[in-house]
Amino acid sequence: MTDNSDSATQLRPGLWATVNERYPGVMITKADYMPLAKLHKPLSESRLTFISTAGVQPRGTLPFDTVHPIGDYTFRRVPSDSKPSELEIHQLKYPTAGATRDLNVIFPIERLQELASDGVIGNLAPNFFSFIGYNMDAERLERTLAERLADAVVAEEADIALLSPA
Amino acid sequence: MSLQYLKEAVAEGDTEKLIRYVRLHFGDGNEAVGRKEIDKAWVEALKLLLDVPATDREFILQTLSEKDSATLAHLFFHLHFYFVQRSGDWIHDGQL
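Sequence lines, in order, name chains A and B.
Using the working numbering, you'd call the opening residue of the first sequence number 1109 and step up by one each time.
Using the working numbering, you'd call the opening residue of the second sequence number 2 and step up by one each time.
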């Protein structure tokens, strides 16, 4: 097995090992364990939504609060039939050069549209969801953002929520 | 740093911890870079005033007197990033 922690493939070698040193107290551990829900029907009959911390949002919506020192606990609905040109990114914590050229590298909306069109996925929920990953208050994150997101996913009758950090 | 860590620092009057956080925040995890970023914002603001252009002091004074302190604090963070971006020397990975 190859140790990739300091390899040339890492944009910032050794970053992960220094997170707790640079941001004391930020590493979160949870005492309880929540197992993933099982899928009870074929993927080809399932409705899928996508949840991302990429800070992707429809152009013209209120930009994520990228400057707030404690974070932004809101999310944006991204219509699943959107074109990349109708979306934009607001966040400060990951390199966006690649995503600016092709949004699909961080928010694979066109790939998911294709999979639905090809019948691999039953269909897409009306909306995908996005927020920014810089949030200092884990309890607030769980109590507000996560709960509201879960409610929104349930309301759209999604069978699958594909989660992706940025 | 977690919010709890920062609140404990405030309760203990541990200014050094808070300063370190501010520098890390502005420097994307690098204290030395964060110090330079803070200086960069101030220098950019200073440069804009060297020729003593007309400014809207009424707006400034009205804002300071009418807005709550939390909003002004939020504005302060916005202004930092505004001047850093205006300097043309943008070190952050993403965009505002």
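Backbone N, C-alpha and C fix where the C-beta goes; we use that ideal spot for every residue, glycine too.
Treat the numbers as computed from the prediction; the structure is a model and nothing was measured.
beta-carbon residue i near the ligand MG non-hydrogen atom, thresh 7 Å
{"i": "Ala-1269/A", "result": "As for the ligand MG, it is missing from this structure, which has no ligand bound."}
Opposing strand residues paired with residue i [DSSP bridges]
{"i": "Phe-1237/A", "result": "Ile-1159/A, Arg-1185/A"}
{"i": "Ile-1300/A", "result": "Not covered by the structure: residue 1300/A. The range shown for chain A is 1109 to 1274."}
{"i": "Gln-5/B", "result": "Answer by DSSP bridge pairing: none, since Gln-5/B is not bridged."}
{"i": "Gln-1165/A", "result": "Glu-1196/A"}
{"i": "Asn-31/B", "result": "Per DSSP, none; premise fails for Asn-31/B."}
{"i": "Gln-96/B", "result": "Gln-1199/A"}
Residue i burial status per 10 Å Cβ neighbour count (16 or more: buried)
{"i": "Val-1262/A", "result": "exposed"}
{"i": "Gln-1165/A", "result": "buried"}
{"i": "Met-1142/A", "result": "exposed"}
{"i": "Ala-10/B", "result": "buried"}
{"i": "Leu-1147/A", "result": "exposed"}
{"i": "Ile-1225/A", "result": "Contrary to the premise, residue 1225/A reads as Ser rather than Ile in this sequence. Answer is exposed; the Cβ neighbour count stays below 16."}
{"i": "Ser-1160/A", "result": "buried"}
{"i": "Arg-1184/A", "result": "buried"}
Residues near residue i by beta carbon distance below 7 Å, same chain, minus five either side
{"i": "Leu-1195/A", "result": "Val-1164, Gln-1165, Pro-1166, Arg-1167, Val-1186, Leu-1211"}
{"i": "Lys-1201/A", "result": "Gly-1241, Tyr-1242"}
{"i": "Ala-1260/A", "result": "Phe-1237"}
{"i": "Leu-1223/A", "result": "Ile-1229"}
{"i": "Glu-32/B", "result": "Arg-21, Arg-24, Leu-25"}
Neighbourhood of residue i by C-beta distance below 8 Å, restricted to the same chain and skipping five residues each side
{"i": "Ala-1266/A", "result": "Arg-1155, Leu-1156, Thr-1157, Ala-1233"}
{"i": "Gln-86/B", "result": "Leu-97"}
{"i": "Asp-1245/A", "result": "Ile-1178, Gly-1179, Tyr-1181"}
{"i": "Ser-1152/A", "result": "Gly-1227, Val-1228, Ile-1229, Gly-1230"}
{"i": "His-1198/A", "result": "Gly-1163, Gln-1165, Pro-1171, Phe-1172, Thr-1174, Ile-1240"}
Sequence-distant residues of the same chain with beta carbon closer than 6 Å to residue i, five excluded per side
{"i": "Ile-1214/A", "result": "Ala-1162, Ala-1207, Ala-1274"}
{"i": "Ser-88/B", "result": "Lys-41, Glu-45"}
{"i": "Thr-1110/A", "result": "Only weak support exists for where Thr-1110/A lies, its pLDDT of 37 falling under 50; the value from the coordinates is given anyway. Same-chain partners within the cutoff: there are none."}
For the 8 Å Cβ check, are there 3 or more pairs between the segment 1239-1257 of chain A and the segment 1212-1219 of chain A? Not touching, per the Cβ criterion.
Scan the segment 1168-1234 of chain A and note each continuous beta strand (DSSP E) run of 3 residues or more that stays entirely inside, going in chain order. 1184-1187, 1195-1197
Below 8 Å, can you find three or more Cβ-Cβ pairs linking the segment 1189-1206 of chain A to the segment 36-46 of chain B? no
So, does the segment 7-23 of chain B touch the segment 65-78 of chain B, judging by three or more C-beta pairs under 8 Å? The segment 7-23 of chain B vs the segment 65-78 of chain B: no contact.
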